[in-house]
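Structure record follows, encoded as structure tokens.
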């Protein structure tokens, strides 16, 4: 099987699931970090409930150097996907079937084979999952082309706490993007099109910003550019950022010496007060 997929052209892993495919996606992503030089894209194909949907996936995959990892609870559908994979010389990896079979034999009881049951029982909020995916995809200025989908946009200097604050609010179901403000570096043009009432700039004092940057340097175990910046330079950087925020009419909150929870509550209250029932964008 290894010989079969060993190729310099190998580029895609498809996650096929009768649900969202999140668990399989996380497992594959955690596996891929063991191969740091690979450039493999992982694509989720969820809510597969029929053979025709399997056929659509196979048609999409058959001409690409890729493999399919699947977590479908329906026995017949798993068999169908495996058979189609063999017919088209596509490697398929079944993550769900072996576990189900072993537990079925141990309990001497048939599984329900009901898609989405775990999410239903544990009340996992799909909006929360979507918000976390969004925050990850828009961390530190990534994917500016889809910035208009943001419910909240955080701006701030490096090490001002944008990422942890974004992720905290994402867990609460908010689609948050964060963009670093670097003096002298142009901001994404699309930021001009974002409703400025949704843009929140993070202010932080000199002492805490300096401390955060030094901690970052220590965690990396290497020299960091910010460790060589003087207190005066950091003050100038903060003032430069504040002038930009004021010029653009962006709201500012002070995150100095505040727990993430407090800053998040302040931002969410601000956005909710401004937009009321429209605080969350329609998806």
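Numbering (my numbering), first residue to last: 2 to 284. From the three backbone atoms N, C-alpha and C, an ideal C-beta is built for every residue, glycine too.
- Message: Distance check for residue 27 and residue 151, CA to CA, integer angstroms please.
- Response: About 23 Å.
- Pick helix, strand or coil for residue 68, following the three-state DSSP scheme. In the structure shown, residue 68 sits in a strand (DSSP, three-state: E or B).
- residue 280 vs residue 157 beta-carbon contact at 9 Å: Contact: no.
- Taking the continuous alpha helix (DSSP H) assigned at residue 167, which residues delimit it? Its alpha helix (DSSP H) spans residues 163 to 172.
- Message: Is residue 76 close to the ligand MG? I mean its beta-carbon at under 8 Å from any heavy atom of the ligand.
- Response: This structure simply doesn't include the ligand MG, nor any ligand for that matter.
- Query: Is residue 106 helix, strand or coil by DSSP?
  - Reply: For residue 106, the secondary structure class from DSSP, reduced to helix, strand or coil, is helix.
- Give every residue of the same chain whose Cβ lies closer than 6 Å to the Cβ of residue 162, excluding the five residues on either side of it in the sequence, and list them in chain order. Cβ neighbours of residue 162 beyond the five flanking positions: 256.
- Who pairs with residue 95 in a beta bridge, going by DSSP? In the DSSP assignment, residue 95 forms a beta bridge with 71.
- Item | Neighbour-count burial assignment, residue 247, 16 or more Cβ in a 10 Å radius | Residue 247 is exposed by the Cβ-count criterion.
- Other residues of its chain near residue 136: CB distance less than 6 Å, five sequence neighbours each side excluded: Counting only Cβ-Cβ distances below 6 Å, and skipping sequence neighbours, we find 167, 168, 171, 177.
- Message: Taking the straight line between their C-alpha atoms, what separation do you get for residue 32 and residue 268?
- Response: Rounded to whole angstroms, residue 32 and residue 268 show a C-alpha spacing of 36 Å.
- Item | Beta-bridge pairing of residue 15 - partner residues as DSSP gives them | Residue pairing of residue 15 in beta bridges, as defined by DSSP: 44, 69.
- Message: Tell me which residue opens and which closes the alpha helix (DSSP H) that residue 194 is part of.
- Response: Taken as a continuous stretch (DSSP letters only), residue 194 belongs to no alpha helix (DSSP H), as it is neither H nor E.
- Assign residue 109 to buried or exposed, taking buried as 16 or more other Cβ atoms, counted over all protein chains shown, within 10 Å of its Cβ. Around the beta-carbon of residue 109, fewer than 16 other beta-carbon atoms lie within 10 Å, marking it exposed.
- Query: Considering only C-alpha positions, which residue in the set 17, 251, 266, 62 is nearest to residue 73?
  - Reply: The shortest Cα separation from residue 73 among 17, 251, 266, 62 belongs to 17.
- Counterpart residues of residue 205 in DSSP-defined beta bridges: By DSSP's assignment, residue 205 forms no beta bridge with any residue.
- Query: Buried or exposed: where does residue 102 fall if 16 or more other Cβ atoms within 10 Å of its Cβ makes it buried?
  - Reply: Exposed: under 16 other Cβ atoms inside 10 Å.
- Considering only the beta carbon of each residue, do residue 49 and residue 19 sit closer than 9 Å? In contact: residue 49 and residue 19 (Cβ atoms closer than 9 Å).
- For residue 27, write down the residues that DSSP places opposite it in a beta bridge. Beta-bridge partners of residue 27 (DSSP): none assigned.
- Pick from 189, 182, 194, 195 that is closest to residue 205, judged by C-alpha positions: Nearest C-alpha to residue 205: 182.
- Message: What would DSSP say about residue 145, mapped onto helix, strand or coil?
- Response: Reduced to three states, the DSSP call for residue 145 is helix.
- Quick one, which of 249, 67, 144, 232 has its alpha-carbon nearest residue 40's? Closest option to residue 40, judged by alpha-carbon separation, among 249, 67, 144, 232: 67.
- Message: To the nearest angstrom, how far is the alpha carbon of residue 194 from that of residue 145?
- Response: About 11 Å.
- Roughly how many angstroms separate the alpha carbons of residue 265 and residue 215, rounded to a whole number? Taken atom to atom, the span from the alpha-carbon of residue 265 to that of residue 215 is near 24 Å.
- Check residue 186 in the structure and name its three-state DSSP category. In the three-state reduction of the DSSP assignment, residue 186 falls in the coil class, being assigned neither a helical nor a strand state.
- Task: Identify whether residue 256 lies in helix, strand or coil by the three-state DSSP scheme.
- Result: Looking at residue 256 - three-state DSSP - the assignment turns out to be coil, as it is neither helix nor strand.
- Query: When the Cα of residue 71 is compared with those of 87, 96, 56, which residue comes out closest?
  - Reply: Comparing Cα-Cα distances from residue 71 to each of 87, 96, 56, the minimum goes to 96.
- Whole angstroms is fine: what's the gap from residue 127's alpha carbon to residue 47's? If I take the Cα positions, the gap works out to 13 Å.
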